[in-house]
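If you read the sequences in order, they're chains U and F. If you read the first sequence in the numbering used here, its first letter stands for residue 174, the second for the next number, and so on. If you read the second sequence in the numbering used here, its first letter stands for residue 7, the second for the next number, and so on. Note that the Cβ used here is the ideal one computed from N, Cα and C, for glycine as well. Since the structure is predicted, the reported quantities are computational estimates derived from the model, not experimental observations. The next block holds one structure in the form of structure tokens; read it before the comments.
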Amino acid sequence: MKLSQSQIQNIEDYLDYKKLEQVDLRYEVQDHMIVAIEQSLAKGISYKEALAKEKEKWDPELESYSSLWLSHIDGPKILIKKCDGYNKKMFLETILITGIIYFIISFINYNFIGESFYKFYVIALFIPMLISFYLSYKIRKSNIKSSYQYLFKTQDIGYLGSLVFFGLIISFDSNSFSTEVELFDVYITVTLYSYVFYLIKLYKKHNKVIEQLIA
Amino acid sequence: MSNSKLYKGSLNTIILKLLDEQGKMYGYEITQKVKALTKGELQITEGALYPALHKLEAEGLLDVEVAKVDNRLRKYYKLTEVGEKETINRLAELEEFIRSMQNIVNPNWSIN
Chain U
174 MKLSQSQIQN IEDYLDYKKL EQVDLRYEVQ DHMIVAIEQS LAKGISYKEA LAKEKEKWDP
234 ELESYSSLWL SHIDGPKILI KKCDGYNKKM FLETILITGI IYFIISFINY NFIGESFYKF
294 YVIALFIPML ISFYLSYKIR KSNIKSSYQY LFKTQDIGYL GSLVFFGLII SFDSNSFSTE
354 VELFDVYITV TLYSYVFYLI KLYKKHNKVI EQLIA
Chain F
7 MSNSKLYKGS LNTIILKLLD EQGKMYGYEI TQKVKALTKG ELQITEGALY PALHKLEAEG
67 LLDVEVAKVD NRLRKYYKLT EVGEKETINR LAELEEFIRS MQNIVNPNWS IN
């Protein structure tokens, strides 16, 4: 037995109340609740009882939740847990990639001193900055909310902050006419690049959600 | 089942196995399939299923496909190429685990 529009609206109201705004999760939960209620109706259970039962099942998954991996920002548990998974994976990958590169560079005979290399280094540092500013602007302009957009927005402020901070250190260095790029600077740059790839991945996933909605 | 903790570590493998057999499935369908296969012994809760699906998706083992059903959107999960290979590995691991447990609990019983 299919649910009526007003019965579906009750589910929509419940999800609004729980502040589940991210479309990719919202239509997943909504579909689950509708199918489960329809199955209950087929077994002779009343709509009111079936809806109450579903709400009781979903309440713990939609309650306000926070996590250290997301700087303790509150949100529905199902959303925060999903974002947690992506962030943990990204942190581990970043540590691994930067660790390997740092290890390789520290063992090869490198020469990071000189004006031409310094200019190249400054340009290399500005590329992720420009990309992340552009993606931040684009994703914040998007009218459709997704879990990837949510995660992007929780990550990009800290990322852009560290880029600006690092940019200030660079300009301080150039004011003092230092053209030496320390090994630590290279390590930071690799970390910034790893992170900007993560933001690109989230941006692409957000766009995929939009494409799936439109299709 | 009285002690669902025994299933907990195998949930991801169960999901991968089902998707390998069925091609693509949506969340509610997975819960019902598991319930039917285990004759109601194992009931996957929403709180366990969706974090597991999202984790497998984040790991690149699952891909998502969206279809319009009854004028609403339904999210189907299916295995990626990496997921197909990983399913074989994880099933082999699970079988090995069951054999080891069998040797401890009941050495005369056989998985085959």
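Asked	Found
Identify whether U:Phe350 lies in helix, strand or coil by the three-state DSSP scheme.	Interpretation of U:Phe350 is limited by its pLDDT of 48, a score under 50 that renders its predicted location unreliable; no figure is taken from the coordinates.
Using DSSP with H/G/I as helix, E/B as strand and the rest coil, what is U:Gly217?	coil
Any chance the region 19 to 39 of chain F sits against the region 80 to 97 of chain F, with 3 or more Cβ pairs inside 8 angstroms?	yes
Taking a Cβ distance cut-off of 7 angstroms, strictly less, list which residues of the region 69 to 85 of chain F are near chain U, in chain order.	Val72, Asp76, Arg78, Leu79, Arg80, Lys81
Does the region 263 to 278 of chain U come close enough to the region 355 to 374 of chain U to have 3 or more Cβ pairs within less than 8 angstroms?	yes
What residue range is occupied by the uninterrupted beta strand (DSSP E) comprising F:Met31?	30 to 32
Whole angstroms are fine: how far does the CA of U:Ser239 sit from the CA of U:Leu214?	35 angstroms
Residues of the region 97 to 110 of chain F with a CB closer than 7 angstroms to any CB of chain U: list them in chain order, please.	none
List the residues of chain U whose Cβ lies closer than 8 angstroms to the Cβ of F:Ala64, in chain order.	Lys255, Gly258, Tyr259, Lys262
Can you look up U:Glu229 in the DSSP assignment and give me helix, strand or coil?	helix
Which of the three DSSP states, helix, strand or coil, is assigned to F:Ser8?	Residue placement at F:Ser8 is flagged as unreliable, the pLDDT there being 49, under the threshold of 50; a coordinate-derived value is accordingly withheld.
Can you list, in chain order, the residues of the region 213 to 235 of chain U whose Cβ is nearer than 9 angstroms to any Cβ on chain F?	Lys230, Trp231, Pro233, Glu234
Please confirm if the region 331 to 342 of chain U is in contact with the region 275 to 282 of chain U, defined as three or more CB-CB distances below 8 angstroms between the two stretches.	no
Counting contacts by CB-CB distance shorter than 8 angstroms, is F:Glu52 in contact with chain U?	yes
Taking only beta carbons into account, state which residues of the region 21 to 33 of chain F come closer than 8 angstroms to chain U, listed in chain order.	Tyr32, Gly33
Decide if the region 31 to 50 of chain F is in contact with the region 190 to 205 of chain U; the criterion is three or more beta carbon pairs, one per stretch, under 8 angstroms apart.	yes
With distances taken Cα to Cα, identify the nearest neighbour of U:Leu365 among U:Ser319, U:Phe299, U:Tyr310.	U:Phe299
Rounded to a whole number of angstroms, what is the C-alpha to C-alpha distance between U:Glu384 and U:Leu324?	19 angstroms
Determine which residues of the region 33 to 50 of chain F have a Cβ less than 9 angstroms from any Cβ of chain U, and write them out in chain order.	Gly33, Tyr34, Glu35, Thr37, Gln38
F:Lys61 versus chain U: which residues are under 7 angstroms apart at the beta carbon?	Gly258
Is it right to say U:Tyr187 is buried, meaning 16 or more other beta carbons lie within 10 angstroms of its own, or is it exposed?	buried
Three-state secondary structure (DSSP) at F:Lys39?	helix
Report the neighbours of F:Pro57 on chain U: residues whose CB is nearer than 8 angstroms to its CB, in chain order.	Ile251, Lys254, Lys255, Gly258
What residues in its chain sit with their C-beta under 8 angstroms from that of F:Val72, if we drop five residues either side in the sequence?	Leu79, Arg80, Lys81, Tyr82
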